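First up is the structure itself, then whatever we jot down about it.
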Amino acid sequence: MIQAQRRYDSQWDLAPLGPSVPIRRPYAETAAKSRLDLLQDYVRRENIRKSERDDTIGDSGPEGDAATLPDGEAPTKAEAEVLSFPTYKALEYAPSEMMWALQEWDGFVASIEEDHFVGILSPVGGGFDETERLEYPLAVMRERDRRNLVPGSIFRFTAGYSKKRTGTIRQQTALYFRPRSAVESRANQELARGLKDLFKCARKLPSFGED
Amino acid sequence: MRYAPLNQSAAIVVVGSLNPAILSPAWLALNHVIDQDELKVADTAVVHREISEFSIDTLRFQVTPQRMLIETTEVPFVRVSDLMVEIFGRLLNHTPIQKFGINYQIHFSVDSATRRIALGRALAPIEPWGEWGKTFESADLSGEGGLRTLIMEQRAIEGRNPASYRRVHIEPSLMMVPPRPTDVYMLVNDHFELEEQANTSLFVDTLSRNFDASMEYGQKIVSSMMDLASRFE
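See the structure below:
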């Protein structure tokens, strides 16, 4: 990653902390050529190489093979671009709206009412001693989440702020239903067990989560 | 956080032996990792035996035979961890994985160019650079030199393989075009080395146990840097 970041650094004329200087993007000249084009170039070259090798082996044996196999050849610019992929680089754009979290909770669905569900929340990393109750309107849920909503579903609830590019800041929440296999993985068993215990207390249903 | 993020993301990078050709939006949908609605909005750049790159809404996937990255800019960030656990815990549970990194990156503005310069000076004082250091200063802000990039590293993290580390990068943000003199970029890279004969379950276990704590730790480091910046005029 460090190498990738350095590579990224070297692609930019970085401004030191403070001043703003014109930015040069050396890779702009290749921007017109998409990664897919570069990949197709690479695959085409590989095919040519293979056909050359097959021909050489057939025609002149190992010596010719060794002489023509380009194993040690430095990659072309296009190949290098593809072979160095993926590079981990900084985000390059400002989204129209960015939410950041102030607090996150793990929770489970305790009951489903006509127009909302009731969830019991426990702060992430905070144990299960302190719980809170959540009433969440079904109308603002994603259709898929609404379809799969059952008592005992485990979710992550996030509260925070979001800021628009225009500067408007507002409070925002996010609800994400976690896949069962992730929650019940070995490492998350404590979470699953804690939430199950809470759920049992809340609903007195000993068979929760054991279908 | 003292300053609102201009952009932020969480990413997990896995290093192991992977098969990019099978990792595609269609395969994820077929195995119920994503749903049909997400499949419809998937944007596939390339799926090939050497590389696979696609995005699904705010999720970005990059896979090569040696590395796989899943990144999201949308909270809750735990979704990237859940995706990795789904893929390697439920579906590809015999994939050798040697190491992985949990990454948090953020761009934020400290609201003033002089404050950003002061932050740079605090982190990398110019005095130790002697005569050359003096040349960094300029009456004109656009001529001011100074910190370009700084990487700090924490070793010997309790409970982890000794080769694991946590690195924090800080540098001027280049996200805006042209870049603004107020913006800062930070990356927290929490690197985990697994045992040489690591199996997938060890990766899944280590990731699940550490993801939330790693994100929280990274955000604390960023917050402390924001606090430091806010002390300057």
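Those sequence lines, one after another, are chains A and B. Per this note's numbering, the first sequence starts with residue 9, numbered consecutively. Per this note's numbering, the second sequence starts with residue 27, numbered consecutively. Beta carbons: idealized from backbone N, C-alpha and C, even for Gly. Since the structure is predicted, the reported quantities are computational estimates derived from the model, not experimental observations.
Whether residue i touches residue j by CB criterion (7 angstroms)
i: R86/B; j: E76/B; result: no
i: S170/A; j: M107/A; result: yes
i: D137/B; j: T208/B; result: yes
i: G115/A; j: F185/A; result: no
i: E100/B; j: I82/B; result: no
i: R141/B; j: F258/B; result: yes
i: S43/B; j: P122/B; result: yes
i: A144/B; j: L167/B; result: no
i: E197/B; j: Y211/B; result: yes
i: L213/B; j: Q88/B; result: no
i: E79/B; j: A68/B; result: no
i: S164/B; j: E157/B; result: no
i: F134/B; j: P204/B; result: no
i: D61/B; j: R152/A; result: yes
i: I181/A; j: A167/A; result: One detail in the question is off: residue 181/A reads as Thr in this sequence, not Ile. Yes, Cβ-Cβ distance for T181/A and A167/A is below 7 angstroms.
i: R193/B; j: E179/B; result: yes
i: F125/A; j: V132/A; result: no
i: S104/A; j: R173/A; result: yes
i: T226/B; j: N57/B; result: no
Opposing strand residues paired with residue i [DSSP bridges]
i: E260/B; result: In the structure as shown, chain B starts at 27 and stops at 259, and residue 260/B therefore has no counterpart that could be examined.
i: N33/B; result: H133/B
i: D216/B; result: I128/B, R192/B
i: E97/B; result: A37/B, R86/B
i: V210/B; result: F134/B, P198/B
i: Q179/A; result: Y169/A
i: A68/B; result: I82/B
i: F258/B; result: BP columns for F258/B are empty, so no partner.
i: Y184/A; result: R164/A
i: I123/B; result: G42/B
For residue i, the first and last residue of its enclosing beta strand (DSSP E)
i: G168/A; result: 162-172
i: W113/A; result: 105-120
i: L44/B; result: Element bounds for L44/B: n/a, residue is neither H nor E.
i: A144/B; result: Unbroken run through A144/B is the alpha helix (DSSP H), 139-149; no beta strand (DSSP E).
i: G127/A; result: 124-131
i: P51/B; result: Counting along the chain, P51/B falls outside any beta strand (DSSP E), though it belongs to the alpha helix (DSSP H) covering 51-56.
i: L142/A; result: 140-145
Proximity to residue i [Cα-Cα], best of the options
i: L176/B; options: A150/B, K160/B, R192/B, Q245/B; result: A150/B
i: R141/A; options: V158/A, Q180/A, R178/A, W113/A; result: W113/A
i: H74/B; options: I38/B, S50/B, L109/B, V248/B; result: S50/B
i: V39/B; options: S199/B, M94/B, R147/B, I247/B; result: M94/B
i: Y29/B; options: F125/A, G134/A, A167/A, G175/A; result: G175/A
i: T84/B; options: L56/B, N33/B, P154/B; result: N33/B
i: G146/B; options: T161/B, G172/B, L54/B, F162/B; result: G172/B
i: V59/B; options: K66/B, P46/B, L109/B; result: L109/B
i: A47/B; options: P188/B, Q92/B, S35/B; result: Q92/B
i: A37/B; options: A255/B, G244/B, A52/B; result: G244/B
i: A148/B; options: L200/B, M251/B, V41/B; result: M251/B
i: E122/A; options: R154/A, L183/A, F163/A; result: R154/A
i: R150/A; options: S130/A, I128/A, L183/A, V158/A; result: L183/A
i: Q111/A; options: G134/A, V148/A, L157/A; result: G134/A
i: T139/A; options: V148/A, G127/A, N156/A; result: G127/A
i: P143/A; options: S130/A, N156/A, S119/A; result: According to the sequence shown, residue 143/A is Glu rather than Pro. For the residues S130/A, N156/A, S119/A, the minimum Cα distance to E143/A belongs to S119/A.
i: V41/B; options: R174/B, T90/B, A55/B; result: T90/B
i: A109/A; options: S256/B, A255/B, M27/B; result: M27/B
N-terminal and C-terminal residue of the alpha helix (DSSP H) that residue i is part of
i: G156/B; result: 156-160
i: V191/A; result: 188-191
i: E76/B; result: From DSSP, E76/B is part of no alpha helix (DSSP H); its letter is neither H nor E.
i: S107/B; result: 104-110
i: R155/A; result: 151-155
Proximity test, residue i beta-carbon vs the ligand PLP heavy atom, cut-off 6 angstroms
i: V158/A; result: With respect to the ligand PLP, the structure shown offers nothing to examine, as it has no ligands at all.
Is the segment 214-221 of chain B touching the segment 113-133 of chain B, taking contact as three or more C-beta pairs under 8 angstroms? yes
Taking one C-beta from the segment 107-126 of chain B and one from the segment 229-245 of chain B each time, how about it: are there three or more such pairs within less than 8 angstroms? Verdict: yes, contact present.
Do the segment 233-242 of chain B and the segment 102-111 of chain B touch if we need at least three Cβ pairs shorter than 8 angstroms? yes
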